[in-house]
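K.L.:
First the structure, which I've put down as structure tokens, then a few questions once you've had a look.
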């Protein structure tokens, strides 16, 4: 996950995990279907509102967002320069908005024209990517791995053990990361400089961590498996979740709101082309 | 008369692919409600025995099991996981590998939920377990945010929630600080006395077992070599030593003063001393007692104590003239998460000293020492190594002077042979290959691993791996050696081997040794100076006797001094560190048969 789960008591944290999943699904479907930047901005604002309600730590995705803004800016310019979409809202999608190489540069300008249609389409693409990223981050921040197990376990034909193993693997990631840091510190303490050397030398130094990391992880996994076995893991087909689903009014409001919005958006897009560029 | 709830008859077990018998003719009978302690060195087969009792051997770990095993009327190898798991709970030493929930409550519910019980039954069990294990108020806390003792209590609660009749605890205190250990022993006492659970306790902490266990078994090489009630077993001092088990300090003291009846508690020891005084001059020195590997009698112990005092004085004078090798000056450190770990630490460590840094988990011990070789840099303040500021000096440069040995040997052994491991560090820092080869040979002999030079370190025992990890840093010839928890998970003999090696490095090669430890017996025997940390600060600094003489300080840092310190305080109003010191003091207080007089 982009942002690790944090146990809090915000309204979003308290939501039933199925409702949070439905919200995430609806937001992703709508963002994929809509292409018009204005509509996508409206969706984005809704997502931000949801994040604020959850007390989402925006600073933790600052780095990812900065990177995504650079990537999406490139997408926007490339789309603007190379693509003219068929639109329902624009009269002249091929109209040139500006040139990347302006006319005042003698000899080469004006060149690389950015068309309105492609530019708006690119902005829409960028907004979609950022929206999906934020939606997934909010879901991960507000939904514990065990709640995710509950969601997976309720998918027909999938045994709960599968969901549990997935969530355990997820919880294992920070443990492995910590072990990797310790291994690197132990290497540094024995005179290994990871920053120095050619690319091949750096790869060789880093590979020294892989074997002990792998061996230690296996050994830890073995002990965990023994501990799980000793607590009857997998002994019964049934697993009782200690947070039984109890949908309250707010859960229903969010669930109906999310799924209703998704259905409405699909219908309005199909009939009236609302949300389409 | 209670019936046997655990019955093992002539049980042998070989792990798949191994010719060695992990269990070799084990017979064991435990009555319902009893607490049985199993002692022994690492590799004796204790954990294998625990797994046989709950059936994970051979169901989960392949091998050949022979003999008769009956637990609560069932044959563990023949019944399902669920049936055994709800009869026998197994708790391991490392709590981190046995906590699966996102919260304490979820974790405790994990076992009952696996049994497919209904929600109400699960919550009833969870609430009771949490209350019984004194975890109330922590239900919604994430396990990784608990202290070591709380984590282990959660692991025990998780097993207890399955309502087992038997709890098998496999070295449950091995990774805990003194406060955590006290909490776990308190829980074991409650399981036995208030909840009527049958307890099989595998432990190294002999001083705590006496009042807990109804029976004690000592294992070595897959066999029981001693068995009986605690008084019987702990009274057989020489056999305990031969089995590689530490003798409880009070018992050792009783043996040294030649007490007619071996004392097992401080009160009994005080009475024994009284009787010895009344009996007239000269306690009979015991020919078999040996507080350290070399002393064999009270007179010798007294002579050794005197010699050690003289040597200490001489050494202290020498150290007094030396410059500090590492210093922390007003050091503060805050982790990126915002946790403040060091809060204005000032500390100077002199060349040739052996310093123990003690304190509760999270007191800042590891954070502080990681500053000395540049793995961490202070948020403010300065670190000085060999008189120069370490600011801007790369770890690669600092590690030539300050060696750091991590707590877990498996996190610092990277090579495919013992010999390569020893060459790894010196090669990285550009040491002369010829000199390195010679040094590697010397070190291999020093740590007793010459015959394993070509062996993959993973195949060594934990004690051997710990010695190798230490030696791999010694091979770089640093001035200062920082060793984080050198005895965690080791038995007493292995612990002494490690500390003896460190002491040799100090006395023969004038290395400065800094150990981080929770083991106050080790502190008593080896430390020349103790630095006590609490809440990111140095709150105490002095010799072990000075530190152990300050009850308020001990309480503040959640430390527990060794029983002999309590006894000597009760007898003479002063703290002594070892049974030999206490015996010598008693001997010195009056004329003896051999003519050793008090000064």
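Protein chains in written order, with my numbering: chain A, 76 to 352; chain B, 47 to 645.
Ideal Cβ positions, reconstructed from N, Cα and C, are used throughout, including at glycine.
Since the model is a prediction, treat every value here as computed from it, not as a measurement.
1. Just verifying my parser: in three-state terms, what is the DSSP assignment at residue 547 (chain B)?
2. If you count every other CB in all the chains shown that lies within 10 Å of the CB of residue 331 (chain A), and 16 or more means buried, which is it?
3. According to the Cβ coordinates, are residue 428 (chain B) and residue 375 (chain B) closer than 8 angstroms?
4. How would you list, in chain order, the residues of chain B whose beta-carbon sits under 7 angstroms from the beta-carbon of residue 267 (chain A)?
5. May I have a chain-ordered list of the alpha helix (DSSP H) segments no shorter than 4 residues that lie completely inside the segment 171 to 249 of chain A?
6. Please return the same chain residues whose Cβ sits closer than 8 angstroms to the Cβ of residue 274 (chain B), not counting the five positions on each side in sequence.
7. If you count every other CB in all the chains shown that lies within 10 Å of the CB of residue 271 (chain A), and 16 or more means buried, which is it?
8. Nearest CA to the CA of residue 189 (chain A): which residue from A:224, A:211, A:298, A:173?
9. Between residue 500 (chain B) and residue 465 (chain B), which are expected to be in contact by the criterion C-beta below 8 angstroms, what is the C-beta distance as a whole number of angstroms?
10. To the nearest angstrom, report how far apart residue 633 (chain B) and residue 266 (chain B) are at their CA atoms.
11. When the Cα of residue 370 (chain B) is compared with those of B:395, B:377, B:198, which residue comes out closest?
12. If the cut is a Cβ gap below 8 angstroms, which residues of chain B does residue 254 (chain A) touch?
13. Could you give the distance in angstroms between the alpha-carbon of residue 498 (chain B) and the alpha-carbon of residue 519 (chain B)?
14. Is residue 274 (chain A) buried or exposed, if buried means 16 or more other CB atoms sit within 10 Å of its CB?
15. Would you please verify whether the beta carbon of residue 159 (chain B) is less than 8 angstroms from any beta carbon of chain A?
16. Using the C-alpha atoms, what's the distance from residue 156 (chain A) back to residue 183 (chain A)?
17. Under DSSP, the alpha helix (DSSP H) around residue 100 (chain B) begins and ends at which residues?
18. First and last residue of the alpha helix (DSSP H) that includes residue 198 (chain B)?
19. By DSSP, does residue 55 (chain B) sit in helix, in strand, or in coil?
20. So for residue 500 (chain B), helix, strand or coil by DSSP?
21. Express the C-alpha separation of residue 248 (chain B) and residue 210 (chain B) in angstroms, rounding to a whole number.
22. If you drop the 5 nearest sequence neighbours on each side, which residues of the same chain put their C-beta closer than 7 angstroms to that of residue 201 (chain B)?
23. Return the Cβ separation of residue 223 (chain B) and residue 406 (chain B) in integer angstroms, given the expectation that the two are a contact with Cβ distance under 8 angstroms.
24. Relative to the C-alpha of residue 269 (chain B), which candidate in B:565, B:67, B:596, B:318 has its C-alpha closest?
25. Would a C-beta distance cut-off of 8 angstroms place residue 353 (chain A) and residue 242 (chain A) closer than the cut-off?
26. My assumption, with CB atoms under 8 angstroms, is that residue 150 (chain B) sits in contact with residue 176 (chain B). Please give the rounded CB distance.
27. Tell me where the beta strand (DSSP E) around residue 529 (chain B) begins and ends.
28. Check for me: the alpha helix (DSSP H) holding residue 255 (chain B) runs from which residue to which?
29. Following the continuous alpha helix (DSSP H) through residue 292 (chain A), name the residue where it begins and the one where it ends.
30. Which stretch, first to last residue, makes up the beta strand (DSSP E) that contains residue 73 (chain B)?
31. With a threshold of 8 angstroms between beta-carbons, can residue 93 (chain A) be considered close to chain B, or not?
32. Would you call the segment 620 to 634 of chain B in contact with the segment 296 to 314 of chain B, where contact means no fewer than 3 C-beta pairs closer than 8 angstroms?
33. If we ignore side chains and look at the alpha-carbon of each, how far apart do residue 313 (chain B) and residue 56 (chain B) end up?
34. Below 7 angstroms, is the gap between the Cβ of residue 77 (chain B) and the nearest heavy atom of the ligand ADP?
35. Is residue 258 (chain A) closer than 8 angstroms to residue 288 (chain A) when the C-beta atoms are compared?
36. Can you list the alpha helix (DSSP H) stretches of 4 or more residues lying completely in the segment 390 to 477 of chain B, in chain order?
P.N.:
Reading off the structure:
1. helix
2. exposed
3. yes
4. 474
5. 191 to 217, 220 to 228
6. 261, 262
7. exposed
8. A:173
9. 7 angstroms
10. 35 angstroms
11. B:395
12. 457
13. 18 angstroms
14. exposed
15. yes
16. 16 angstroms
17. 92 to 100
18. 194 to 206
19. strand
20. coil
21. 17 angstroms
22. 137, 141, 144, 145
23. 5 angstroms
24. B:67
25. Here chain A has residues from 76 to 352 only, and residue 353 (chain A) is not among them.
26. 7 angstroms
27. 526 to 530
28. 252 to 255
29. 274 to 305
30. 67 to 77
31. no
32. yes
33. 40 angstroms
34. Of ligands this structure carries none, so the ligand ADP is not represented either.
35. yes
36. 411 to 418, 441 to 444, 464 to 474
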